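*Asks:* A single structure is presented below for examination.
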Amino acid sequence: MTFNIDKFIKTLAWFLVVHFTTFSYAGRSHFVTTELNIRNDMQGFKRQEIVYFCQAINSGLEYGWRRAKKPPLGHTFNVLLEGGQKLEEEVHRCHFRSVLGTANVDIRMTAIDAEMCNYKKACAIHEVTPEGIIFDGKEWDFQERYPRLIPRRYLEAKWKPWPRRGTVAQESQRRPGGSQ
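In our numbering, the protein residues as written are 138 to 317.
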């Protein structure tokens, strides 16, 4: 058996190329998509309509004003998150309006959240109810030694009532420069 130096160098070169490509790809980030689900659940009112506006703070992406007229209508926004070694959090600031008043919610998402919800519908839903905005979904429980997903349902924000029309008119008359 003879030692072929040319074959050895070609094999070594091929091994180094594959090895370098694999490790250089491992350091790069990858992108994951997930959904931001908002559902109208305003039951028992004459006007069940909700209006809301959401904006991604880090990327500056605005989803615009949306309207859900009757329960259980709502919208689903597709969100692109960057994963890999750069595990950044994307914050979606949403402003809700209804007959009951206004509510503001900051919805935080990471690529880990997106990967756990991959290929599943409605992993986390933000329900707009008469009590306020309710989160209904799964969250990581870090209280135990090995974190696991547990179902959670809690109130994220309460409604801030609209100001009374009579009070606004009286306050503008009391201020200097108000309508007389």
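Ideal placement from N, C-alpha and C gives every residue a C-beta, glycine not left out.
These numbers come from a predicted model, not from an experiment.
#1: Just list the residues that DSSP pairs Glu-219 with in beta bridges.
#2: Distance check for Thr-148 and Asn-141, CA to CA, integer angstroms please.
#3: Would you call Thr-171 buried or exposed, if buried means 16 or more other Cβ atoms sit within 10 Å of its Cβ?
#4: So for Ile-146, helix, strand or coil by DSSP?
#5: On a CA-only basis, which of Asp-250, Ile-187 and Glu-227 is nearest Lys-206? Give me that one, please.
#6: Assess, as a yes-or-no matter, whether the stretch 193-201 is touched by the stretch 227-235 under the definition of 3 or more beta carbon pairs within less than 8 angstroms.
#7: By how many angstroms is the C-alpha of Tyr-189 removed from the C-alpha of Ala-240?
#8: Quick check on this structure: which residue in Pro-300, Pro-298 and Asp-243 has the alpha carbon closest to the alpha carbon of Ile-271?
#9: Do you know how far the Cα of Gln-280 is from the Cα of Pro-300?
#10: Since Ile-249 is in the alpha helix (DSSP H), which residue starts that stretch and which ends it?
#11: Does the pairing of the stretch 171-181 with the stretch 262-269 give three or more beta-carbon distances under 8 angstroms?
#12: For Glu-276 versus Met-246, is the C-beta spacing smaller than 8 angstroms?
#13: Report the option in Gly-211, Pro-208, Asn-215 and Arg-184 whose CA atom is closest to the CA atom of Glu-199.
#14: Nearest CA to the CA of Leu-218: which residue from Pro-284, Met-253 and Gly-211?
#15: Run through DSSP, which three-state label would Arg-302 get?
*Replies:* Once the coordinates are examined:
#1: Position 82 of the sequence shown, counted from the start, is the residue given in the question as residue 219. Glu-219 is bridged to Phe-168.
#2: Within the sequence shown, residue 141 is the residue found at index 4, counting from 1. Within the sequence shown, residue 148 is the residue found at index 11, counting from 1. Computed Cα separation, rounded: 11 angstroms.
#3: The count along the sequence shown starts at 1 and reaches residue 171 at position 34. Counting Cβ neighbours within 10 Å, Thr-171 comes out buried, since at least 16 surround it.
#4: Stepping through the sequence shown from its first residue, residue 146 is reached at position 9. Residue state for Ile-146 is assigned as helix, using DSSP reduced to three classes.
#5: To locate residue 206, count along the sequence shown from 1; it is residue 69. Sorting Asp-250, Ile-187 and Glu-227 by C-alpha distance to the C-alpha of Lys-206 places Ile-187 at the top.
#6: Three or more Cβ pairs drawn from the stretch 227-235 and the stretch 193-201 lie within less than 8 angstroms of each other, which places the two stretches in contact.
#7: Position 103 of the sequence shown, counted from the start, is the residue given in the question as residue 240. Position 52 of the sequence shown, counted from the start, is the residue given in the question as residue 189. Going from the Cα of Ala-240 to the Cα of Tyr-189 covers about 9 angstroms.
#8: Within the sequence shown, residue 271 is the residue found at index 134, counting from 1. Looking from the CA of Ile-271, the closest CA among Pro-300, Pro-298 and Asp-243 belongs to Asp-243.
#9: Your numbering for residue 300 matches position 163 in the sequence shown. Your numbering for residue 280 matches position 143 in the sequence shown. Those two C-alpha atoms are separated by around 42 angstroms.
#10: The sequence position of residue 249 within the sequence shown is 112, counting from 1. 248-253 is the span of the alpha helix (DSSP H), which, as asked, contains Ile-249.
#11: Cβ pair count under 8 angstroms is three or more, so yes.
#12: For this step, residue 276 is matched to residue 139 along the sequence shown. For this step, residue 246 is matched to residue 109 along the sequence shown. Met-246 is positioned such that its CB atom lies no closer than 8 angstroms to that of Glu-276.
#13: The residue you call residue 199 lines up with position 62 of the sequence shown. The shortest Cα separation from Glu-199 among Gly-211, Pro-208, Asn-215 and Arg-184 belongs to Asn-215.
#14: Mapped onto the sequence shown, residue 218 falls at position 81. Distances from the alpha-carbon of Leu-218 to those of Pro-284, Met-253 and Gly-211 put Met-253 closest.
#15: Here the question's residue 302 lines up with position 165 in the sequence shown. Helix, per DSSP.
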